[in-house]
Amino acid sequence: MRAVVCRRAELEVADVPDLEPAPGQLLVDVVRCGICGSDLHSRRHADAIADVAEEVGYADLMRAEQSIVLGHEFSGVVIGRGTGAKLAEGTPVVSFPLLRRAGGIHPTGLSAQAPGGYAEQVLVEDALSLPVPNGLPTDVAALTEPLAVGLHAVRRGEVGKRQVAIVIGCGPVGLAVIGMLKASGVRTVVASDFSPGRRALAVTMGADVVVDPAVESPYAAAPGHGHLTTGPEVFELGVGTVEKLRRLPLVRWDQVWRVADKVGAATPSHPVVFECVGVPGMLEDIISSAPMYSRVVVVGVCMEPDRLRPSMAINKEIDLRFVLGYTPLEFRDALHLLAEGKVDAAPMITGTVGLEGVAAAFDALGDPEVHAKILIDPRSTATTPA
Ligand SMILES: [Zn+2]
Numbered sequence: 002m003r004a005v006v007c008r009r010a011e012l013e014v015a016d017v018p019d020l021e022p023a024p025g026q027l028l029v030d031v032v033r034c035g036i037c038g039s040d041l042h043s044r045r046h047a048d049a050i051a052d053v054a055e056e057v058g059y060a061d062l063m064r065a066e067q068s069i070v071l072g073h074e075f076s077g078v079v080i081g082r083g084t085g086a087k088l089a090e091g092t093p094v095v096s097f098p099l100l101r102r103a104g105g106i107h108p109t110g111l112s113a114q115a116p117g118g119y120a121e122q123v124l125v126e127d128a129l130s131l132p133v134p135n136g137l138p139t140d141v142a143a144l145t146e147p148l149a150v151g152l153h154a155v156r157r158g159e160v161g162k163r164q165v166a167i168v169i170g171c172g173p174v175g176l177a178v179i180g181m182l183k184a185s186g187v188r189t190v191v192a193s194d195f196s197p198g199r200r201a202l203a204v205t206m207g208a209d210v211v212v213d214p215a216v217e218s219p220y221a222a223a224p225g226h227g228h229l230t231t232g233p234e235v236f237e238l239g240v241g242t243v244e245k246l247r248r249l250p251l252v253r254w255d256q257v258w259r260v261a262d263k264v265g266a267a268t269p270s271h272p273v274v275f276e277c278v279g280v281p282g283m284l285e286d287i288i289s290s291a292p293m294y295s296r297v298v299v300v301g302v303c304m305e306p307d308r309l310r311p312s313m314a315i316n317k318e319i320d321l322r323f324v325l326g327y328t329p330l331e332f333r334d335a336l337h338l339l340a341e342g343k344v345d346a347a348p349m350i351t352g353t354v355g356l357e358g359v360a361a362a363f364d365a366l367g368d369p370e371v372h373a374k375i376l377i378d379p380r381s382t383a384t385t386p387a
């Protein structure tokens with residue numbers, strides 16, 4: 002079969018060996034496969050990424066010297082089954098991109114052990130595959146994976162419906178987070194990006210307030226939520242609250258405070274900030290600019306060492322959370338939110354190319370004004386994304 006092979010940062014269309022489904026696996030004809038920001042990273046920085054994975058005990062992440070078929074955001078149709086596989090041939094599916102092979106489990110499209118969806122066919126686990134429901138178009142179904150990333154970030158952020166969510170960076174990851182925040186019923190979503198094109202996409206994904214951070218602070222864009230921004234305000238809140246409670250007749254101030262603590266009413270109002278950029282300096286910038294007590298969910302992947310001031314994070318009691326991927330349940334839920342129309346992700350798709358156009362698509366993704374998510378259609382002959 003034909004596939005795009007990545008080796009030493011070069012992308013080339015090549016004939017590669019046909020795939021055989023092992024017991025419990027399916028052979029899937031790829032209909033669409035998204036190009037992910039992590040594919041762009043992996044093409045150029047594979048060894049650095051693999052070194053970190055090795056430190057946490059996984060030794061088979063792609064290396065620059067290996068020939069790798071990228072692609073973990075695919076939708077397709079079942080065309081072959083290993084013994085024991087349940088899904089029927091002809092079923093349109095999306096699959097959680099992990100594959101059992103050679104005594105281990107490997108991330109599809111990011112390991113030589115599990116070739117990905119930049120190809121005519123891909124192997125998947127039957128148990129991790131879901132029929133595409135409701136006649137959801139296959140191109141939109143291919144967005145299940147990036148939207149699951151957004152859903153996982155939103156769940157880890159534990160955003161209340163009345164809390165303000167602030168999304169920094171409106172590339173595909175930020176757009177997925179915005180879509181999932183709105184699908185989760187969060188009323189006020191602020192989106193921030195320097196690019197007018199990406200701000201326009203943020204609006205189509207449902208952002209309520211959209212700002213250009215060169216002109217306006219995203220942290221001040223949704224006032225009226227009682228966020229504290231200075232140390233003296235925190236002192237005043239603490240001292241003033243005790244003074245007020247002590248004036249109440251019949252009840253002890255500490256008992257009232259304890260009850261408020263139990264129901265979560267004693268924590269000062271704060272936003273949840275989603276870092277969706279992933280370049281050095283972003284964390285420090287958010288920590289020094291965000292309101293007191295902000296929860297910061299780090300979704301953007303910064304591959305370089307970075308500096309931040311713990312003392313500033315301590316002064317504000319910033320709650321920093323890092324997220325990776327999604328659970329099988331979140332993957333399933335993302336598919337169903339798409340299929341039920343709870344999130345409309347179609348505007349994220351800004352172009353489609355054939356295998357021959359993948360290298361050009363990687364270049365095109367460098368311009369945030371034109372492209373967000375480019376899908377590969379292995380049967381298309383398009384050499385530029387359109
Ligand atoms: Zn991805």
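Per this note's numbering, residue 2 is the first one in the sequence shown, and the count goes up by one each step. Glycine included, C-beta positions come from ideal geometry on N, C-alpha and C. In this text the structure is predicted, and so the values were computed from the model without any measurement.
Host beta strand (DSSP E) of residue i (start-end)
i	result
Asp48	Premise fails: Asp48 lies in the alpha helix (DSSP H), Gly38 to Glu56, not in any beta strand (DSSP E).
Asp30	Gln26 to Gly35
Thr384	Here Thr384 belongs to no beta strand (DSSP E), and DSSP marks it neither H nor E.
Ala166	Val165 to Ile169
Gly105	Gly105 to Pro108
Phe275	Val273 to Glu276
Leu152	Segment Thr145 to Gly158 is the alpha helix (DSSP H) holding Leu152; no beta strand (DSSP E) there.
Val210	Val210 to Val212
Arg308	Counting along the chain, Arg308 falls outside any beta strand (DSSP E), and DSSP gives it neither H nor E.
Arg100	Note that residue 100 is Leu in the sequence shown, not Arg. Element bounds for Leu100: Leu99 to Arg102.
Outcome for residue i when other beta-carbon atoms lying within 10 angstroms are tallied against a minimum of 16
i	result
Ser96	buried
Gln256	exposed
Asp19	exposed
Thr139	buried
His73	buried
Pro22	buried
Leu124	buried
Lys87	exposed
Ala373	buried
His228	buried
Arg44	buried
Glu341	exposed
Ala365	buried
Asp40	buried
CA nearest to the CA of residue i, picked from the options
i	options	result
Val204	Ala314, Val190, Glu217 and Gly118	Val190
Leu144	Asp16, Ala54, Pro98 and Gly161	Pro98
Ala267	Thr242, Pro329, Val280 and Lys162	Thr242
Leu182	Arg200, His153, Leu251 and Asp194	His153
Ala291	Asn316, Gly279, Val280 and Pro197	Asn316
Asp52	Glu305, Val168 and Ala221	Glu305
Glu331	Met63, Glu11, Pro147 and Pro24	Pro147
Arg296	Asp194, Cys37, Ile167 and Gly77	Ile167
Ile75	Ala383, Leu376 and Thr385	Sequence check: residue 75 is Phe here, not Ile. Considering only alpha carbons, the answer is Leu376.
Pro272	Thr230, Asp262 and Met313	Thr230
Arg188	Val178, Ala4, Arg8 and Lys162	Lys162
Ala65	Cys171, His46, Gly58 and Val14	His46
Met293	Asp48, Val160 and Glu318	Glu318
Gly77	Arg380, Ala387, Thr384 and Thr385	Arg380
Met313	Pro329, Lys245 and Ile287	Ile287
Beta carbon of residue i nearer than 9 Å to that of residue j
i	j	result
Pro269	Val216	no
Gly110	Gly117	yes
Asp378	Val344	no
Leu325	Leu284	no
Leu336	Pro108	no
Ala362	Ile69	no
Glu126	Leu27	yes
Gly25	Gly83	yes
Val280	Val298	no
Asp194	Gly172	yes
Gly198	Ala177	no
Val165	Ala223	yes
Gly399	Gly301	Any answer about residue 399 is impossible in this case: the structure gives the chain only from 2 up to 387.
Pro93	Ala128	no
Glu121	Met2	yes
Bounding residues of the alpha helix (DSSP H) (the contiguous stretch that carries residue i)
i	result
Ile287	Met283 to Ser290
Val178	Pro173 to Ala184
Thr205	Pro197 to Thr205
Leu336	Pro329 to Ala340
Asp127	Where Asp127 is concerned, there is no enclosing alpha helix (DSSP H), given that its DSSP letter is neither H nor E.
Phe363	Val359 to Ala365
Leu246	Gly232 to Arg248
Ser193	Premise fails: Ser193 lies in the beta strand (DSSP E), Thr189 to Ser193, not in any alpha helix (DSSP H).
Pro257	The displayed chain sequence assigns Val, not Pro, to residue 257. Element bounds for Val257: Trp254 to Lys263.
Thr139	Thr139 to Ala142
Per DSSP, the bridge partner or partners of residue i
i	result
Gly397	Only positions 2 to 387 of the chain appear in the structure, and residue 397 is not among them; the question remains open.
Thr353	Leu376
Ala4	Ala15 and Ala120
Ile69	Cys7
Gly77	Val31 and Val94
Asp320	Arg296
Ala115	Ser112
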